[in-house]
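Q: The numbering used here numbers the first residue of the sequence shown as -10 and each following residue consecutively. We put the CB at the ideal spot given by N, CA and C, even for glycine. I have a structure here, written as structure tokens, and I will follow up with some questions on it.
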Amino acid sequence: MAGEKTVETTGLLGWIDRRFPLTSMYKEHMSEYYAPKNFNFWYFFGSLALLVLVIQIVTGIFLVMNYKPDAKLAFESVEYIMREVPGGWIIRYMHSTGASMFFVVVYLHMLRGLFYGSYRKPRELVWIFGVAIFLCLMAEAFMGYLLPWGQMSYWGAQVIVNLFSAIPFIGPDLAIFIRGDYVVSDATLNRFFALHVIAVPLVLLGLVVAHLIALHEVGSNNPDGVEIKKGPKDAQGRPLDGIPFHPYYTVHDILGVAGFLIVFAAIVFFAPEMGGYFLEFNNFSPADALKTPPHIAPVWYFTPFYSMLRATTADFTWVLAGASVLGALVLFVKGKLPGIWRLVVPAVLIAVAVLLRVIDAKFWGVVAMGGTVVILFFLPWLDKSPVKSIRYRPTWHKVLYAIFIINFLILGYLGTQAPNDLFNLLSQIGTVIYLAFFLLMPVWSRMGTFKPEPDRVTFRPH
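Laid out in structure tokens, this is it:
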């Protein structure tokens, strides 16, 4: 018979610790997990993302108690929740506001990673899990968007699912498989409900756990991009530039949570529709398969990518094909690729240029929309800068980051507007800027005069 495990705790906690590593887990991930002592405002958003995830799960559970995943009853059940269920209106508004606020904090969380190089070695997996969470979140939001069965929900889903039919050979069958029918119908609503409520949240929670485990394995980054594990340590081997996550950062995050909840409550109580951006006015009408809205646009957090999808026209593929050929020539003539890669990479670019003109532009729009997200997975290997943090990069690097952010916001705005020639041209320019920022990063990220990184984190007590 195995001997009983020896633990430091006594009483009920000791009984638990002999059977489950509660105290050791608490120490490893909270009281003895040392985080850099120079965290700033940008480090609120990770904990806020967890808070919003909890809000979404809890409010979602209560909504599902009264929601009917039936094409004939879905819209009425949402109205029933709003009018008849005690407190139903606030639960619905918390969930719809939480969806938008989730993307707000996640976008800002990713932006902080971009600023401070949180995707660089040894945090590649932390970043990859984070981008996977972002993709999962997009899928979760899209499927949940259909559930109210409003006019914009229905036609938005119809447009997005139809995009899959543009994939050569398998596209039409794939679109039918996703919908479960030839058009968005009751079958689509039921499968989206199952995926939104059960399947995707399970994957999302698993990725969040993996993200946190990977983070705590390699340690948190900081605004200076300095590894505190490699810095000076005290007699017990604890980094001098780190402080225990609990109680210091758990208390520190209370400030961020309080500020966030004030904003969150203000939106829920005073502007839950947010002028039609959080809850579109067209969605207050039941879905009508015989009446197409004059302008179909996704929710605001998808609009930058939708704008890039819409920008990819037949004429625009000529521009992309020309850029591919030019890139192939430059790499072949002046490139420094080793060995056979000097021939392979230009050949691939030439093949892409040919395919851009052979395959329908609708397909390349789907590729552009998906590729602009997938490219984020490769960011750890695209950035060749000798420093991590934006603090120590050349000033013109900071200008590029500013242009990228402004461009992303403009693309988001353009995606909410009805298409016209001017907006289409601006979307195409914005798409080129977005792609060029990442595809040319191996070149521009190593150029310029960099400031030396400090040996220790810069910290001013406050």
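#1: What is the DSSP secondary structure of Met(-10), counted as helix, strand or coil?
#2: Could you check the C-alpha separation between Trp31 and Ile399 for me, to the nearest Å?
#3: I need the straight-line Cα distance from Met(-10) to Leu11, nearest angstrom please.
#4: Considering Gly231, what are the terminal residues of the alpha helix (DSSP H) in which it resides?
#5: Considering only their Cβ atoms, is the gap separating Phe427 from Leu379 smaller than 8 Å?
#6: I'd like the ranges of any alpha helix (DSSP H) spanning at least 4 consecutive residues and lying wholly in the segment 173 to 254.
#7: Compare the C-alpha of Gly226 against each of Pro111, Leu191, Glu21 and name the closest.
#8: Tell me where the alpha helix (DSSP H) around Pro161 begins and ends.
#9: In whole angstroms, what separates the C-alpha of Phe158 from that of Val341?
#10: Pick out whichever of Thr301, His205, Ala425 has its Cα sitting closest to the Cα of Phe393.
#11: Alpha carbon to alpha carbon, how far is Leu229 from Tyr56? Give it in angstroms, no decimals.
#12: Buried or exposed for Asp170, going by 16 or more other Cβ atoms inside 10 Å?
#13: Whole angstroms are fine: how far does the CA of Val148 sit from the CA of Thr301?
#14: Measuring CB atoms only, is the segment 114 to 121 touching the segment 249 to 258, in the sense that at least three cross pairs come out at less than 8 Å?
#15: Using beta-carbon positions only, say whether Ser434 and Ser374 come within less than 8 Å of one another.
#16: So, at 7 Å on beta carbons, what are the nonlocal neighbours of Gly214 in its own chain, with the 5 sequence-adjacent residues on each side left out?
#17: Less than 8 Å between the CB atoms is what I'm expecting for Thr361 and Tyr423, so what's the real figure, rounded?
#18: Any chance the segment 259 to 272 sits against the segment 135 to 152, with 3 or more Cβ pairs inside 8 Å?
#19: How close, in whole Å, do the beta carbons of His98 and Phe34 come, if the pair is a contact with beta carbons under 8 Å?
#20: Under 7 Å Cβ to Cβ from Leu204, same chain only, skipping five residues before and after it: list those, please.
#21: Assuming Gly87 contacts Val41 (C-beta within less than 8 Å), just tell me the rounded distance between them.
#22: Helix, strand or coil for Val314? Go by DSSP, reduced to three states.
#23: Could you check where the alpha helix (DSSP H) with Tyr56 kicks off and where it finishes?
#24: With distances taken Cα to Cα, identify the nearest neighbour of Ala38 among Phe366, Leu194, Lys16, Leu389.
#25: Using a Cβ-Cβ cutoff of less than 7 Å, which residues in the same chain neighbour Thr117 once the five nearest sequence positions on both sides are dropped?
#26: Quick one: complete alpha helix (DSSP H) runs, 4+ long, within the segment 336 to 412?
#27: Quick check: Ser85 and Phe267, are their CB atoms within less than 8 Å of each other?
#28: State the Cα-Cα distance for the pair Leu163 and Ser89, rounded to the nearest angstrom.
#29: Quick check: Asp175 and Asp59, are their CB atoms within less than 8 Å of each other?
#30: Please name the residue, chosen from Ile165, Ala188, Val150, that lies closest to Glu129 on a Cα-to-Cα basis.
A: Based on what the coordinates show:
#1: Caution is warranted here: a pLDDT of 44 is assigned to Met(-10), below 50, making its placement in the model unreliable, and the coordinate value is therefore given only provisionally. Residue state, collapsed to three classes: coil.
#2: 22 Å
#3: Residue placement at Met(-10) is poorly supported in this model, since its pLDDT is 44, which falls under 50; the coordinates are not used for a value here.
#4: Premise fails: Gly231 lies in the beta strand (DSSP E), 231 to 233, not in any alpha helix (DSSP H).
#5: Here residue 379 is Ile; the residue named in the question, Leu, does not match the sequence. For Ile379 and Phe427, no; Cβs fall outside 8 Å.
#6: 175 to 183, 189 to 207
#7: It is Glu21 whose Cα lies nearest to the Cα of Gly226.
#8: 160 to 168
#9: 18 Å
#10: Ala425
#11: 53 Å
#12: exposed
#13: 16 Å
#14: no
#15: yes
#16: Tyr105, Gly106, Val376, Lys377, Ser378, Glu442
#17: 6 Å
#18: yes
#19: 4 Å
#20: Within the same chain, Leu204 has close Cβ partners Val115.
#21: 5 Å
#22: helix
#23: It is not in any alpha helix (DSSP H) - Tyr56 carries neither H nor E in the DSSP assignment.
#24: Leu194
#25: Position check: residue 117 holds Ile in this sequence, whereas Thr was assumed. When the five nearest sequence neighbours on each side are left out, the beta carbons in the same chain lying within less than 7 Å of the beta carbon of Ile117 are those of Phe366, in order along the chain.
#26: Counting whole runs of 4 or more residues, the segment 336 to 412 contains the alpha helix (DSSP H) stretches 350 to 363, 368 to 371, 384 to 405.
#27: yes
#28: 29 Å
#29: yes
#30: Ala188
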